[in-house]
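S.K.: Before I ask anything, here is the structure I am working with.
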Amino acid sequence: HPAVFGVLEETEPGRGGEIQLTDALQTLARREGEGGGVYGVVFRGRRYDTGDKLSYLKAVVTLACGREEFGEDLRSWLRDFVSEGADVPSAAGA
């Protein structure tokens with residue numbers, strides 16, 4: 004719904020100091036005459052919070068593993084990496 008962009012401009016930052024799309028959609032749904040274009044869908048798939056670093060990495064790896072061009076090779080490499088004990092240098096010095 005295009006009106007959500009105007010609502011986002013008016014929305015105060017919420018959790019974590021971020022402007023939340025869900026807050027803007029709630030506001031839009033409550034506005035008489037404008038909210039009629041807001042629909043919901045029950046989602047039953049896997050969900051990732053890309054605002055969370057670990058969840059973002061999981062999303063990238065999951066999607067990359069599903070890619071036809073390199074997914075099989077990546078999955079094989081990941082299996083080897085994990086089975087070898089994943090001896091990775093600490094990122095603390097990075």
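Residues in the sequence shown are numbered from 4 upward in steps of one, following our numbering. For glycine and all other residues, C-beta sits at the position ideal for the given N, C-alpha and C.
If you check the beta carbons only, do VAL10 and LEU31 fall under 8 Å apart?
M.R.: Their beta carbons are under 8 Å apart, which means VAL10 touches LEU31 by this criterion.
S.K.: Can you tell me the Cα-Cα spacing of GLY74 and TYR51, whole angstroms?
M.R.: Cα-Cα distance, rounded: 19 Å.
S.K.: What residue range is occupied by the uninterrupted alpha helix (DSSP H) comprising THR65?
M.R.: Here the alpha helix (DSSP H) through THR65 covers 56-68.
S.K.: Note down the Cα distance separating ARG49 from ARG34, rounded to an integer number of angstroms.
M.R.: ARG49 and ARG34: Cα-Cα distance of roughly 31 Å.
S.K.: Under a Cβ-count criterion, where at least 16 other Cβ atoms within 10 Å of its own Cβ denotes burial, should THR14 be classed as buried or exposed?
M.R.: Classification for THR14: buried.
S.K.: Looking at LEU60: is its Cβ nearer than 8 Å to the Cβ of CYS68?
M.R.: No, these two residues do not count as a Cβ contact at 8 Å.
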